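Single-structure report; data block below.
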Amino acid sequence: NLSHAKQLSKLGIKNMGLYQWWYSDRHKKWYILNKNQVIPKSSRPAYPAFLATELGEILPDLLETDRQYELVCIKEDDCWLTRYVAGNDMKNFLFAKAGITEAESRVLMLIYLLKNKKITVKWANKRIEHNQKPIFANQ
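This is how it looks when you write it as structure tokens:
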């Protein structure tokens, strides 16, 4: 959502996803637009609107403390959970974030990791830049 996008931007995450939040001065409303579209100028800055898959590419696959924890994102009941789990024991996790959508649970995890200095903004932005590949063969 827009609130999470603003937090990522404030933390220093680059707006390099396929989509972005854009404010229409004419309609006085925020929209999500494909960055490949011709986008009119706006009085407000654009913010990243990352897809769940893009967020998955940014998040580290593993975190190591005294043990090794692997990134897991699953749907349980009516919510999505993003966790760093030790081995196959889903109850033995380092961090957990829940969201209504997969993208929300992943963005909450990314924000948590950045704010708590488990990863750096520089590291996350390198992951974003590294994963910028054409989606379609003709691009």
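The working numbering applies: residue 754 is where the sequence shown begins, and numbers increase by one.
We put the CB at the ideal spot given by N, CA and C, even for glycine.
Remember, predicted model here, so these are calculated numbers, not experimental data.
With contacts defined as CB atoms closer than 8 Å, LEU804 and GLY840 fail to qualify as a contacting pair. Distance from the CA of TYR784 to the CA of LEU815, rounded to the nearest whole angstrom, comes to 34 Å.
Sequence-distant partners of SER762 (beyond 5 residues in either direction) whose C-beta falls short of 8 Å from its own C-beta, in its chain, are ASN768, PRO798, TYR800, PRO801. Per the DSSP secondary-structure output, ALA851 pairs in a beta bridge with LEU834. Annotated as proximal: GLY852 and TRP833, with beta-carbon spacing under 8 Å. For VAL825, the closest of SER777, THR835, LYS782, TYR776 by C-alpha to C-alpha distance is THR835. Assigned with DSSP and collapsed to three states, ASN878 falls in helix. TYR776 has its alpha-carbon roughly 44 Å from the corresponding atom of ASP842.
In this structure, the CA atom of PHE846 is about 12 Å from the CA atom of GLU817.
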